Amino acid sequence: MPDDRNHRVLDDLERRLCADDPEFVARFHSEQERLPAAGRPSGARIAVVVAAVTGLLLLLLGSPAGALAAVAGTGVVWLAWRYPVRPQDPRGFPLT
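Take the sequence shown: its position 96, counting from 1, is numbered 96 in the UniProt record's numbering, and each next residue is one higher.
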């Protein structure tokens, strides 16, 4: 893990690059794109599969309340992850 000194050096290099050639930096950021996930399942898919299997096993073992709790709990966690609450300052503006 990088230490504070490495972070300061990196920040200094980035600041110098922005000052020396801002056009390059702007072009770099505009052409940047996210790489697609290389065929690996997302965390949401894994959570849904685990919840479904857990719920099915609990249902087969005779615990419908446990099955419902497992599936509902996973759904609540997924919703909280998918739609996070962003803190706001007292004036109503989102904090960044």
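Where a beta carbon is used, it is the ideal one built from N, C-alpha and C, also for glycine. A quick note: this is a predicted structure, and the numbers were derived from the prediction, not measured.
Count the other CB atoms within 10 Å of the CB of Gly43; is the residue buried (16 or more) or exposed (fewer)? Looking up residue 43 in the sequence shown gives position 43. Burial call: exposed.
Between which two residues does the alpha helix (DSSP H) holding Leu60 run? Stepping through the sequence shown from its first residue, residue 60 is reached at position 60. Going by DSSP, Leu60 is part of the alpha helix (DSSP H) stretching over 43 to 60.
Segment contact flag, the segment 76 to 86 with the segment 54 to 65, C-beta cutoff 8 Å, min 3 pairs: no
What residues in its chain sit with their C-beta under 8 Å from that of Leu68, if we drop five residues either side in the sequence? For this step, residue 68 is matched to residue 68 along the sequence shown. Within the same chain, Leu68 has close Cβ partners Gly55.
Tell me the DSSP secondary structure of Val85 in three-state form. The residue labelled residue 85 in the question sits at position 85 within the sequence shown. Val85 carries a coil assignment under DSSP once its states are collapsed to helix, strand and coil.
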